[in-house]
Amino acid sequence: MRQKIPGLLLVLFWASLSLALPARQEPVTAEPAAAVAPAPEVKAGDTPNDGGKAITVTWQASPDEARGLVDGYEVLRSETAEGEFSKVGYVPYGFTSFDDQEVPQNARDYFYQVKTVGRGAAAFTLSAVSNPAQAREQWFNTARVNALISCILFTLIVVIFITRAKRGQSLFIRRIAGLAAVEEAVGRATEMGRPILYVPGLSSITDVATIAALNILGQVAKKAAEYDTPLLVPNRDPVVFTVAQEIVKSAYAEVGRPDAYNHDSVFYLTDSQMGFASGVDGIMAREKPATNFFLGMFWAESLILAETGAATGAIQIAGTDAISQLPFFITACDYTLIGEELYAASAYLSKEPMLLGTMKGQDWSKALIVFLLLAGLATALIAPGTRDFILKILKVG
Amino acid sequence: MIFSTNPWVWVAAILTLCIFSFLYKENPFYRFAEHLFVGISAGYGVAVYWNNAIVPNLFVPLFQQHNWWFIIPGLLGMMFFFRFNQKTGWLILIPMAVLLGTGSGMSLAPTIQTNILKQMQSALADATNLKLGGWGLIWGIVTLFGVITTLSYFFFSREQKGLLRVSANIGVWFIMIGFGASFGNTVMGRISLLIGRVQFLLTDWIHIIK
Amino acid sequence: MKILENLTKINRRYIFLMVAVAVIVPLIIPMNLPTIPGKYTIKLYDFIDKIPPQSQPVVIAADYSPSMMPELQPMLESIIRHCFAKKVRVIVLTLDPNGAALSEAALKKIAPEYDAVYGRDYAFLGFKPGSSIVMMSIGENIRQAFPADFYGKSLDSLPMMANVRNYADIPIVVSIAGSAITQSWIAYAGTRYHANVGSGCTAVSTADYYPFLQSGQLVGLLNGMKGASEYEYLNQKNGYSKAPRVAGKGMDAVSIVHLLLMAFIIIGNVGYLVARHNQSKKQGA
Amino acid sequence: MKRQIPLIIVLTLGIVFFIQFFIPSQISTNIYQTTLQWEIVISAFAIVLAIGSLINHHMLKIQRRKPHWWNSIVTLIAMLVMALLGILGRVEGMESLGQLYRTLFLYVQAPMDSAMFAILAFYMASAAYRAFRARSQEAALLLISGFIIMLGVVPFGSLLWSKIPDIAEWIMMVPNMAAKRGILFGVGLGMTATSLKIILGIERSWLGGGGK
Chain A
4 MRQKIPGLLL VLFWASLSLA LPARQEPVTA EPAAAVAPAP EVKAGDTPND
54 GGKAITVTWQ ASPDEARGLV DGYEVLRSET AEGEFSKVGY VPYGFTSFDD
104 QEVPQNARDY FYQVKTVGRG AAAFTLSAVS NPAQAREQWF NTARVNALIS
154 CILFTLIVVI FITRAKRGQS LFIRRIAGLA AVEEAVGRAT EMGRPILYVP
204 GLSSITDVAT IAALNILGQV AKKAAEYDTP LLVPNRDPVV FTVAQEIVKS
254 AYAEVGRPDA YNHDSVFYLT DSQMGFASGV DGIMAREKPA TNFFLGMFWA
304 ESLILAETGA ATGAIQIAGT DAISQLPFFI TACDYTLIGE ELYAASAYLS
354 KEPMLLGTMK GQDWSKALIV FLLLAGLATA LIAPGTRDFI LKILKVG
Chain B
92 MIFSTNPWVW VAAILTLCIF SFLYKENPFY RFAEHLFVGI SAGYGVAVYW
142 NNAIVPNLFV PLFQQHNWWF IIPGLLGMMF FFRFNQKTGW LILIPMAVLL
192 GTGSGMSLAP TIQTNILKQM QSALADATNL KLGGWGLIWG IVTLFGVITT
242 LSYFFFSREQ KGLLRVSANI GVWFIMIGFG ASFGNTVMGR ISLLIGRVQF
292 LLTDWIHIIK
Chain C
2 MKILENLTKI NRRYIFLMVA VAVIVPLIIP MNLPTIPGKY TIKLYDFIDK
52 IPPQSQPVVI AADYSPSMMP ELQPMLESII RHCFAKKVRV IVLTLDPNGA
102 ALSEAALKKI APEYDAVYGR DYAFLGFKPG SSIVMMSIGE NIRQAFPADF
152 YGKSLDSLPM MANVRNYADI PIVVSIAGSA ITQSWIAYAG TRYHANVGSG
202 CTAVSTADYY PFLQSGQLVG LLNGMKGASE YEYLNQKNGY SKAPRVAGKG
252 MDAVSIVHLL LMAFIIIGNV GYLVARHNQS KKQGA
Chain D
18 MKRQIPLIIV LTLGIVFFIQ FFIPSQISTN IYQTTLQWEI VISAFAIVLA
68 IGSLINHHML KIQRRKPHWW NSIVTLIAML VMALLGILGR VEGMESLGQL
118 YRTLFLYVQA PMDSAMFAIL AFYMASAAYR AFRARSQEAA LLLISGFIIM
168 LGVVPFGSLL WSKIPDIAEW IMMVPNMAAK RGILFGVGLG MTATSLKIIL
218 GIERSWLGGG GK
């Protein structure tokens, strides 16, 4: 509503303007309008947290701004205090700072002036010249201190629990419904004499969801090798394809059945999202796998895959950290690993102490987040003055 | 009914119908379209990798700008080919390690920023915005409550008992309401895509709709 | 009771068939289902409706590619119709490399219907790469971002551009897009240069814009096919357009498929509850 | 040795680029940008392996006369033609090949792409019918919220009760937002932990066979 009033005022302003002036008139040459007041207190200083070649100029709003007589401010730069100033930027009214990103040289004095531009560019007034300022490059980004501290804190927590786990402390991890079903799903495929389909997501290797999916692929491949059930692993990313092939191969070797490994079971389809979906759909319809795994990163194709799989009567276990695709997996699959459950899966399946330790560390970090949220809420509600400070601490730089 | 005279429109229309035929069942027409689609898009992918990755990021710096540093990624990339030999196969782990090391290092702090700090900030900002007052503030606090209960569902190292069980259950409610909403909210967009296809068939191919 | 239980097992092919019919039939035979404009559509419509004729131009940023056409093109067309009918001047530009052909086609089609004259009533600036940089330079002077229009004529040669320098002379920027580019318009044109911003977006991304509507950073919003059809409806109701309702037909299809889906959900649940009831009776016996 | 070298590389690069994020200086940004460019080059080479697999997969089918083997010929020919047109079309004097490449994309690949996308509309219907059943409390919540949102879209909803669109908006803004954020926290920690595990050499699945 508040936004609407100035809008309406503007509309009224134009309305009166268009009534006052004949509709199609050449622009009137501006009469020498009254001068606008200059911007006071123009200061310049190095722009913080950057790679240099930038200076930040600040000033106070011209007193005429409150009266609606100011369009904006032009910022001018010169190498000498009295020398020739040239324009480097423009900001509209309401703003009182400008980052000059195109400073020619670091560690050299520059001077600035701010030109107040009157309504309709009818008048200009120059401010006083600023103090000399130099651009410098920084070696630490102070705006990212909060991220640094959070990272160090998190690493510490995780490392503490990993060392504890190494010392042999037993760590508990709760049952995750979808994972408990993995064994059963592989068994079912064996009984029915049909293959298992495993899609390790459509993203690249640097996507954490892909790593988690490949981790689980290792476990599933081992079971498939033990039961001698054929495995189909279509891929979209070339690099992921290479890794998946290695993982399946060594899984077969690990359970002592390297001869049963079929080099063609892990294969590449295509780079195109929908092309991949059409290919996997065809495979599902023709080979009728008994069990489908869709783990990793997925986009809109999630429902195409999961619905086709459901129609072929396969048991389907899905898992992704793509929040927008989770609803579709939930509706079309038998088990769905939601977000972090996908990462927890590798710890759960391998029962490796180091992975369990990390899991415990993550849980403590969650507890810390909950605590901080509640503390922040309480503080900001009891003492509203602290709100801005709290939000500033969390500001992403 | 007047059909289009552009043969390419015919190709597009027939292929569209081939894909749709899968809804009835897998059949030779779909099978043909599927194999064509996989092949043509894989070929397109090769061309894109070549034109948009290899040429501008390797050939141009090396052969036009003579920036010999770019031999390094070229050599690292070629290490993938060691895979064809049993003995040297492990060498592909080196380019993989480069991709994973840089990828993990680069994503560590930004993930903390966007998924943790930024989310904490917006959750708190909504829940403590006294200026909003009334219902706005209450819904902000309810949202924060939902965030916390949802998060509690993801506690793995503790049995879901007592308070944690209650909280995790409430969290699941929030998750389910959210998922239902996202599902319902996506329907219109997906139907619009289908409408687009039907319009193509009925306007560009058979001129039924004007 | 057996029949009711069978309701849980309708063959999916019948569902597909009914969806297909529900989409195709309304596109061929207009159903003219009732349209009830939503509040955000009305807000945007009213804002544009109140702009005085032959004054400062509205800017429409049509930043989408052909794949989003079914939802977004009708929005562009109906906003242009509204403006032309009310003699509100229009500037159309696009920041999507594949968008220029779409918006040019819309203008070329609609301008003759309203005797709109190029340069007097509307201008087409075409595509410019750089998105946020373009938005910012319009803030200083639109000529800096677009020295010439799509056809290479300098902006100063277009009479309607005479008094247009930057956002201060533009009553509203309407961003029609299926990507996050609308958020850039809000940030740069809106927050930074105090422009009023309205949005037309795809249905999937609507939820991202609710916060901006609540905070007033967006004047109004058209939500996918629904928003487009509501705008068409308002145009027609007020006599600003006689063109056939493209999105209206689409929205009829959308509505019918929604009703169909809801019916299927209800049928499935009835069948399920009956089946469960029967089963517990059997177990009890 | 075969395991040590990759692990050392991962550790070093991981730490370097973690620290890089906090250093805004010119050299640091240059290193970052160059590395991004290099990564693209490195991963582009893997496409050779992938295409090798694709060709191998289909050649096997053709050689062994597996069912529907002739479809594999379609895939192979389409791939070769498209790749060659795309690469040669950029060479001077062969622009007509580039033109054909764009036509094939526009009238063969793009329509199939949109058609696959459009299939989603049908699958939304069948999935909703099958899964939106009040089997449990949770399923009922999923069902109800989905139902209300859909009702909010159609004019019928507002005719039923004018507050329906507002309720739909509230569901998107409050419970939906809460669930999204809650999941994001978990995902964020999980992602960070995985990155950390990779850098520290705890997560070794990518080495093949769990890194034992």
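Protein chains in written order, with our numbering: chain A, 4 to 400; chain B, 92 to 301; chain C, 2 to 286; chain D, 18 to 229.
All residues carry an ideal CB built from backbone N, CA and C; glycine is no exception.
Fair warning: this is a prediction, and the values are worked out from it, not measured in the lab.
Residue i Cβ short of 7 Å to the ligand SAM heavy atom set
i             : result
residue 54(D) : Ligands are entirely absent from the displayed structure, and the ligand SAM is therefore not among its contents.
Chain-ordered chain A contacts of residue i [CB-CB under 9 Å]
i              : result
residue 274(B) : 330, 331, 333, 334
Partner residues on chain C for residue i, Cβ-Cβ distance less than 8 Å
i              : result
residue 125(A) : Per Cβ cutoff of 8 Å: no residues; residue 125(A) is ~12 Å from chain C at best.
residue 74(A)  : 169
residue 182(D) : 39, 40
Interface flag, residue i vs chain D, CB-CB below 8 Å
i              : result
residue 183(C) : no
residue 88(C)  : no
residue 324(A) : yes
residue 39(C)  : yes
residue 227(C) : yes
residue 52(A)  : yes
residue 107(C) : no
Within-8 Å CB hit, residue i to chain C
i              : result
residue 290(B) : yes
residue 128(D) : no
Minimum Cβ-Cβ distance from residue i to chain B less than 8 Å
i              : result
residue 376(A) : yes
residue 29(D)  : yes
Residue i versus residue j: straight-line alpha-carbon distance, rounded
i              : j              : result
residue 239(B) : residue 159(D) : 20 Å
residue 111(A) : residue 84(A)  : 13 Å
residue 363(A) : residue 161(A) : 8 Å
residue 38(A)  : residue 66(A)  : 12 Å
residue 185(D) : residue 155(D) : 19 Å
residue 82(D)  : residue 286(A) : 17 Å
Helix, strand or coil at residue i according to DSSP, with G and I counted as helix
i              : result
residue 250(B) : coil
residue 273(A) : coil
residue 9(C)   : helix
residue 140(A) : strand
residue 105(A) : coil
residue 93(A)  : strand
residue 210(A) : coil
residue 319(A) : strand
residue 114(A) : strand
residue 80(A)  : strand
Under 8 Å from the C-beta of residue i: neighbouring residues of chain D
i              : result
residue 256(B) : Simply none; closest approach about 14 Å.
residue 256(C) : 170, 171, 172, 173
Partners in chain D for residue i, counting only beta-carbon separations shorter than 7 Å
i              : result
residue 13(C)  : 143
residue 310(A) : 140, 143, 144
Rounded distance between the beta-carbons of residue j and residue i, thought under 8 Å
i              : j              : result
residue 130(B) : residue 104(D) : In fact, because the Cβ distance is near 16 Å, the residues do not count as touching under 8 Å.
residue 82(C)  : residue 122(C) : Actually they do not touch by this definition, with Cβ atoms about 12 Å apart.
residue 138(D) : residue 334(A) : About 15 Å separates the two Cβ atoms, so there is no contact after all.
Short CB-CB distance (under 8 Å) between residue i and chain A
i              : result
residue 141(C) : yes
residue 115(B) : no
residue 246(B) : yes
residue 253(B) : no
residue 212(B) : yes
residue 195(C) : yes
Partner residues on chain C for residue i, Cβ-Cβ distance less than 7 Å
i              : result
residue 150(D) : 269, 270, 273
residue 190(D) : 211
Contact set between residue i and chain B, taken where Cβ atoms lie within less than 7 Å
i              : result
residue 204(D) : 206
Contacts of residue i in chain B (Cβ-Cβ under 8 Å)
i              : result
residue 399(A) : 204, 205, 208, 209, 212
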